[in-house]
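Protein chains: 2
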Amino acid sequence: MSFPEREQYISILRDKGHRVTPERLALFREVYAQHGHLDAEALLESIQKQGLKVSRATLYRNLDLMADLGFVRKYRLGTSRFHYEHVHDGQRHDHLVCTECGRVAEFVSPGIVAMQRAICSAHEFDPEEHTLQIHSVCNDCRKLRDARRRAPS
Amino acid sequence: MSFPEREQYISILRDKGHRVTPERLALFREVYAQHGHLDAEALLESIQKQGLKVSRATLYRNLDLMADLGFVRKYRLGTSRFHYEHVHDGQRHDHLVCTECGRVAEFVSPGIVAMQRAICSAHEFDPEEHTLQIHSVCNDCRKLRDARRRAPS
DNA sequence: CTCAGTGCAAACGATTTGCAAGCTA
DNA sequence: TAGCTTGCAAATCGTTTGCACTGAG
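For the protein sequence lines, the chains are A and B, in the order given.
Going by numbering that gives the first Met the number 0, 109 is the number at position 110 of the first sequence; the sequence numbering is gapless.
Going by numbering that gives the first Met the number 0, 62 is the number at position 63 of the second sequence; the sequence numbering is gapless.
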């Protein structure tokens, strides 16, 4: 569980004049241990479950710091909370979000990336820096909804 | 300013056992008068500017009702507020959102719609019912940011 | 020894809710 | 008249902030 990014994080912190604190390292470790899409609450819970103590304020402050430094991406996936995921070099993906239950699937689609570029250019948005989300309904929720419609409340 | 959808809204309200109140009609009118992407605050303000009185609670309750009945779509475009826009039959569009200033552009792309379908199907999401957002940085914000980088604070 | 970083609790912004009063059907 | 709707104010949810204290450099 020792990521190469950890050393990089530490040296970037130092470079930028930030301090290397136990809270920062605990959060870093947790963000990189999970494979994706966590919200602040979930992160806090799993950090505390390990007996470490990081306050909510510090958590939020450092998630923003990590986002600034390029170690995490911060998304609003349609729900009320932000989601955070660590950046693992290179391979970019986009998100498919269920509008009913919030479930998130990741996908990679070179074709859609090309179209994003074209659309951004056409509208004078930066064609290089972009993320995309598709909002739909997952099969489970669709079944539930269909059942509900057949026998309305 | 009298929309065909207005009569439809009234009769659907009646059908479903909801009452037709002045607040509902005022809100409906306002939502359809604007051409798109309004948040609750902006709607409230323009309703009140016309001398009509609708409370914030009623506004929210009825925006949700209109969404349930299929007259408006409710989006979370990355900012802290929901955005609402009326459904004008047929022509669907997607949104391009500036992650810096929140500016929203609409676009229509048959190609991207086809890809959305394919991606939804592949992940067992409903391929028919979906919306898509692209998040990028608009030219104005990009210029600002570049300027800032050249002369850092 | 100094000041960036922390924890706490209070502040915040957007939205939701409980309840008494009002108005549609 | 009955009970859905409303307005108000209070509650909620997630996130941010002020401030005194702490600990990294």
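We put the CB at the ideal spot given by N, CA and C, even for glycine.
Can you check which of these residues, GLU128/B, ILE46/B, ALA117/B, is closest to ARG23/B by C-alpha distance? ILE46/B
Cα separation between SER10/B and HIS129/B? 27 Å
Are the region 104-116 of chain A and the region 100-112 of chain B touching by the rule of at least three beta carbon pairs closer than 8 Å? yes
Which first and last residues belong to the alpha helix (DSSP H) in which ASP67/A is found? 55-67
I'd like to confirm the pairing. Which residues does DSSP put opposite VAL96/B in its beta bridges? VAL103/B, HIS134/B
Output, in chain order, the set of chain B residues within a Cβ distance shorter than 9 Å of SER108/A. MET114, ALA117, ILE118
Give the residues of chain B in contact with ASN61/A, contact being defined as C-beta atoms less than 7 Å apart. The premise fails here: ASN61/A is roughly 20 Å from chain B at the closest Cβ pair, so nothing lies under 7 Å.
Cβ of GLN90/B within 8 Å of any chain A Cβ: no
Closer than 8 Å, CB to CB, is PHE124/B near chain A or not? yes
Beta carbon of VAL86/B, beta carbon of VAL71/B: below 8 Å? yes
Using 8 Å for Cβ pairs, my map puts PHE81/B next to ASP38/B. What's the rounded Cβ distance? 6 Å
Give me whichever residues DSSP pairs with VAL71/B in a beta bridge. HIS85/B
Cβ-heavy atom distance, ILE111/A to the ligand FMN, below 7 Å: The model depicted lacks the ligand FMN and carries no ligand whatsoever.
Looking only at its chain, what residues have a beta carbon closer than 7 Å to the beta carbon of THR78/A, apart from the 5 residues adjacent to it on each side? GLY101
From the DSSP output, in three-state form, read off LEU43/B for me. helix
Roughly how many angstroms lie between the CA atoms of GLU123/A and LYS48/A, to the nearest whole one? 46 Å
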